[in-house]
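In this note's numbering, each number is its position in the sequence shown, counted from 1, plus 49. No residue lacks a Cβ here, since even glycine has one placed at the ideal position from N, Cα and C. See structure below.
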Amino acid sequence: MLIAAVRQTWRALTVWPDAGRWKAAFTIAVPTAAIIALAGFLGGWLRLAPALDMPSGLMAALILFIIPALVEELIFRGVLLSWLATFSQRWGSWLAAFLFMLWHPFQALTFGPPWSAIFLQPSFLFATFILGIVLTHIRIVSQSLWPVIVIHWLLVLVWKLLFGGPFY
50 MLIAAVRQTW RALTVWPDAG RWKAAFTIAV PTAAIIALAG FLGGWLRLAP
100 ALDMPSGLMA ALILFIIPAL VEELIFRGVL LSWLATFSQR WGSWLAAFLF
150 MLWHPFQALT FGPPWSAIFL QPSFLFATFI LGIVLTHIRI VSQSLWPVIV
200 IHWLLVLVWK LLFGGPFY
């Protein structure tokens with residue numbers, strides 16, 4: 050089953066969604082970003098604070114595309130979701146989103162940098178769970194990992210470059 054999940058993940062990486070699926074993905078992602086922003090402002094981990102010069106911003110964009118966006122999406126919306134869906138797509142979707150949420154405090158409590166205490170805040174956990182649910186839905190509907198990778202990347206990039214998200 051795990052090998053099948055890896056194959057399914059690979060297939061999801063080789064599918065580039067058509068314009069309609071990209072539009073559908075962002076139609077869901079934009080209101081989700083507003084909910085996450087509200088949680089972030091209320092929780093204090095989001096504030097308007099532009100950071101970095103252009104060369105540093107470009108380097109940050111590249112790094113953030115790989116970690117966390119690409120790596121986390123390959124794990125949570127790729128292999129894990131594909132494997133869990135072999136048992137139940139509905140429960141697998143919820144469990145993948147829940148495990149995505151739990152992954153963040155796990156980082157904070159084990160190997161995360163000092164600023165990762167943000168990952169323990171209830172408002173951050175709420176936002177992460179909502180994001181996990183929405184990205185899982187987009188992954189299923191689009192049949193591709195690319196929309197979820199791009200959306201995850203854009204959200205983290207905007208957080209870190211414009212809204213005071215911490216860097217290492």
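When the Cα of ALA82 is compared with those of PHE173, SER191, SER193 and ILE189, which residue comes out closest? PHE173
Does the distance from the C-beta atom of ILE179 to that of ILE84 stay below 9 angstroms? yes
At least 3 beta-carbon pairs within less than 8 angstroms: the region 51 to 63 vs the region 119 to 132: yes
Going by DSSP, name the residue or residues bridged to ALA98. PHE212
Exposed or buried, what is PHE136 when buried is set at 16 or more other beta-carbons lying within 10 Å of its beta-carbon? exposed
By Cβ distance below 6 angstroms, which residues in the same chain neighbour LEU169 in space, the five residues on each side in sequence not counted? PRO154 and ALA157
Should THR159 go down as buried or exposed, given a rule of 16 or more other Cβ atoms within 10 Å for buried? exposed
By Cβ distance, which residues of its chain are closer than 7 angstroms to PHE114, with the 5 residues on each side in sequence left out? TRP202
Less than 6 angstroms between C-beta atoms, sequence neighbours within five positions excluded: which residues of the same chain meet that for ARG70? SER191
For LEU133 and ALA78, I'd like the C-alpha separation in whole angstroms. 23 angstroms
How would you call VAL183, buried or exposed, if buried means at least 16 neighbouring beta carbons within 10 angstroms? buried
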